[in-house]
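Scroll down for the structure; my scribbles are underneath it.
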Amino acid sequence: MILEQLPALIVVTPLILSLVVNVVGLWDKRLCFPIVAVTLFACLIWAIGILWRVIDHGTIHYCFGNWQPPWGIEYVIDHLNALVLVSVAVVSLLVAIYAKRAVDQEIPESKLPQFYTLFLLQVTGLFGITATGDMFNLYVLLEIASFSAYAIIAMGERGADFAAFRYLIFGTIGACAYLLGVGYLYILTGSLNMADLTQLLPKLFYSKALLVGFSFFLVGVGIKMGIFPLHTWLPDAYTLAPSTVSALLAPLYTKVGAYVIIRIIFTVFDPSFSIKLYPVMDILGWIAAIGIMFACIMALAQSDLKRMLCYVIVAEMGYILIGIASANRLGLTGAILHIVNDMFMMACLFTVAGAIFYQTGTRNIYQFRYLHRTMPVTLAVFVVGALSVVGVPPMCGFFSKWYLILGTIQAEKWVLLAVLLISSLIYAILFFRVIENAYLEPREAHASAHDSGHPAVTLDKVPWSMLVPMLLIAAGIILLGIFSGKIIMHIIQFAVPESL
Amino acid sequence: MIPGTLFYWIAFIFTALTAIFAAVMVITRRNPIHSAMFLILNFLCIAVLYLLLNSQFIAIIQVMVYAGAIMMLVIFVIMLLSVEEEKRTYKIRLSPAKVIGVLLVVILFAQLIYGVAQKVVPGEWGEFTPERIAQIGEIKAVGGLLFTRYLFPFEVASILLLVGIIGAVILSKKER
Amino acid sequence: MLFSVPPMYYLIVSALIFAIGAVGVLIRRNAIIIFMCIEMMLSAVNLSLITASHYLNSLDGVLMVFFVMTVAAAEAAVGLAIFVLLYRGRRTIKVDEINLLKW
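Residue numbers (numbering that gives the first Met the number 0), protein chains in the order written: chain A, 0 to 499; chain B, 0 to 175; chain C, 0 to 102.
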């Protein structure tokens, strides 16, 4: 039955089609884009199918080639995976449609097929990371996603090659650390299946070697997801990458890393390991607090829109960490909801930044004058995303932030609560600065505005193929906000471990 | 199969010290070619350690893939780009970031040793004892596992190589 | 009477090489040497996996090392392609002008 094969299909479909794109691209380059779009659409359908099955029947266990674990590789898909899978599928599909025009402008035509191949392989890696139930397999898939990221980031504007190189060094050190963690678990238990480890590890909780392995996991995944002191690769890599690539990577890659960290802390290791046994949560909380404040201040200092958004990502990862560090149901609910919301918010903001760059060739926010006359719809989308990041009610960002705040209150971590509130204020300043520059006319220009010929009001200069995905993402932000109660009730509630 | 214990010890200590010496040389040489040569020495020593650990298959792969293919590529790139030596600097330039970084590495190393020193290996409980491996042959055993239990990672590894190839092509292709 | 080499010693060798590689990444400025240090770190991790595999009598570690080597090979391809790109652009692959550790 096709329904039972869905967990495999979601990885295999983009994988095979990525090969097809490469071959077909040699023959006719115009066919690449439709194939990518159709593939990602199929993946979206598979993902929704998986989510539907998980909601109906509970956790799916899928064994490759019918080899039962611990002998075979098992995919275990519960509510958490399914939710992340669907969000990755939606965002990557919308970004792929958006990508068409920007790619035509930024990527040389001879490299199109290879670019789309790497694009699909990137998404394959992200799907694989989300779906797999094996720690070592996760390492290999993480490297697939990372390698394709290095390659497509290096294609960006001047300086992107150095950024990609730094990313490569940091990413590989992170992968090494993760691999050492895997090695420690393997030495201690002899198994790497997540479900097995859940059973085996509690007996070893007092072993110091396990603590060392755990901290290597945290450092490794921390580098990949760009947590504060380990984020140094992130701003350069995402700023200088081609705008499509940053629109794909910025929302998805770091957030999938956040999923991995939740999986490790709450599924592979029992939550009690990092709550009762060791003060992991306190340390994470402090790191998150310092990181958010640092990233907010750095963001205020930027005049490049994309670089500013990169620091916002670092701060958003801090938010997710705060949810984890609260170590209660409310906080973790907030963290998981924030993973999904943040994918949409970052996709929204980065696609807008890409569209503005596509149309005007600038990312400097002080050169955004009169933009509301030439691209009002784009800016409206930006305002939706910005309000959501700041946390204004009908948008989704408010709801996850609300749960995070409730979580910190319940955990009585007042510093984290203060950081959440202060950073929201800084966000408001941050985004108001952009919106002010784009909407309000400069004072000195006001007098001469009527006779000098500044651009007339048009519907929007950004092409429709970019505008529609952006509008859909903005609609997604509002819909996620409206239906966040339902999402929590039907999905996230089951994704939070019962022992919390 | 494993020669006398004394010989085993001597071989281990000698190879381990050479490997560490080569590693130190890699990070201290100014000429990249010299570093590359010492890195090859390091990889060969690790291959010998693999032999001492009774895994001939990986030892051979180590020589072929690491010392052969990867280092070949590295040396080729160094030669191709004619990377020059670094100028001799008598002062080491210290930046706070570097100091913090090296401190972090020291902490990491201490942590590693701390973890290792717990005598973690819980004992022999797997099914592949040295005798059994010698009986069926290591390559056969590895191959058997590779195409049954590890079939999926095997396929995934092939994607990884694909990513490597396409990444290299896309980056080094001249724009037209 | 001598006992056979305990696994701890292999793991210490592996940890030492890993740490030396990490120090190299931090203190060197030549990009290609940094890259070599990374490869050295990966192979140090491999050594600990093989040690575990040997003392556990299980072949999983061997298989893992097999895959890690694939990763290393793919990384060499992508990494060296980035070098060629870097070098074409500016005729240098020293990293100090980008400063690996800036915020």
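Note that CB positions come from ideal geometry on N, CA and C, so glycine has one too.
Inter-residue spacing [alpha-carbon to alpha-carbon] between residue i and residue j
| i | j | result |
| --- | --- | --- |
| A/LEU18 | A/LEU117 | 10 Å |
| C/TYR86 | B/ILE169 | 16 Å |
| A/LEU125 | A/LEU141 | 8 Å |
| B/LYS172 | A/ILE286 | 42 Å |
| A/PRO278 | A/MET374 | 50 Å |
| A/ASN192 | A/PHE213 | 16 Å |
| C/PHE34 | A/THR58 | 42 Å |
| A/ALA427 | A/SER190 | 48 Å |
| B/ARG29 | C/VAL67 | 29 Å |
| A/ASP450 | A/TYR369 | Unreliable placement is indicated for A/ASP450, whose pLDDT of 46 sits below 50; the coordinate value is still reported in the next sentence. For A/ASP450 and A/TYR369, the distance between alpha carbons rounds to 15 Å. |
| A/MET345 | A/ALA246 | 8 Å |
| B/ILE135 | C/ASN56 | 14 Å |
| A/VAL11 | A/GLY170 | 25 Å |
| A/ALA448 | A/VAL380 | Because the pLDDT at A/ALA448 is just 47, under 50, the model does not fix this residue reliably, and the point stays unresolved. |
| A/TYR258 | A/LEU439 | 40 Å |
| A/LEU499 | A/PHE268 | 13 Å |
| A/VAL389 | A/VAL467 | 24 Å |
| B/THR27 | C/PHE17 | 15 Å |
Beta-carbon proximity check, residue i vs residue j, cutoff 8 Å
| i | j | result |
| --- | --- | --- |
| B/GLY166 | A/PHE146 | yes |
| B/SER54 | C/ILE49 | yes |
| A/MET342 | A/PRO250 | yes |
| B/LEU145 | A/VAL139 | no |
| A/TYR74 | A/ALA130 | yes |
| A/ALA150 | A/ALA159 | no |
| B/GLN61 | B/ILE39 | no |
| A/LYS412 | A/GLY284 | yes |
| A/PHE216 | A/ILE263 | yes |
| A/ILE34 | A/LEU16 | yes |
| A/LYS207 | A/GLU108 | no |
| A/ILE476 | A/ILE335 | no |
| A/LEU184 | A/LEU196 | yes |
| A/PRO6 | A/ILE49 | yes |
| C/LEU46 | B/VAL141 | no |
| A/THR243 | A/ALA101 | yes |
| A/ILE128 | A/ALA144 | yes |
| A/CYS42 | A/ALA88 | yes |
Cross-strand partners of residue i (DSSP beta bridge)
| i | result |
| --- | --- |
| A/HIS60 | A/VAL75 |
| A/THR131 | A/TYR74 |
| A/ASN327 | Partner(s): none; A/ASN327 has no beta bridge. |
| A/ASP303 | A/ASN363 |
| A/ASN192 | A/ASP133 |
Burial state of residue i (16 or more Cβ within 10 Å)
| i | result |
| --- | --- |
| B/ILE57 | buried |
| A/VAL414 | exposed |
| B/ILE106 | exposed |
| A/TYR97 | buried |
| B/VAL78 | Inspection of the sequence shows that residue 78 of chain B is occupied by Met rather than by Val. Burial call: exposed. |
| C/LEU10 | buried |
| A/LYS275 | exposed |
| B/PRO185 | No answer is possible for residue 185 of chain B: the residues shown for chain B start at 0 and end at 175. |
| C/THR69 | buried |
| A/HIS56 | exposed |
| B/SER157 | exposed |
| C/GLY23 | buried |
| B/ARG131 | exposed |
| B/GLY3 | exposed |
Residue i versus the options, residue with shortest Cα-Cα distance
| i | options | result |
| --- | --- | --- |
| A/GLU497 | A/LEU479, A/VAL382, A/THR332 and A/GLY475 | A/THR332 |
| A/ILE9 | A/VAL23, A/LEU25, A/LYS28 and A/ALA81 | A/ALA81 |
| A/LYS460 | A/GLY484, A/TYR402, A/LEU378 and A/VAL20 | A/LEU378 |
| B/LEU50 | B/PHE37, B/PHE11 and B/PRO31 | B/PHE11 |
| A/ILE472 | A/VAL139, A/LEU92, A/ILE487 and A/ASP269 | A/LEU92 |
| A/GLU156 | A/THR171, A/TYR426 and A/THR238 | A/THR238 |
| B/MET138 | C/GLY88, C/ALA80, C/MET39 and C/PHE65 | Checking the displayed sequence, the identity of residue 138 of chain B turns out to be Ile instead of Met. Ranking the options by Cα distance to B/ILE138, first place goes to C/PHE65. |
| C/MET7 | B/ALA22, B/TYR113 and B/SER157 | B/TYR113 |
| A/ASN436 | A/ARG362, A/TRP45, A/THR231 and A/VAL388 | A/ARG362 |
| C/ALA73 | B/ILE69, B/ILE74, B/VAL47 and B/MET36 | B/ILE69 |
| A/PHE272 | A/VAL383, A/PHE114, A/TYR205 and A/MET469 | A/TYR205 |
| A/ILE282 | A/LEU386, A/PHE293, A/VAL311 and A/SER325 | A/SER325 |
| B/ALA22 | C/VAL4, C/GLY88 and C/ALA43 | C/ALA43 |
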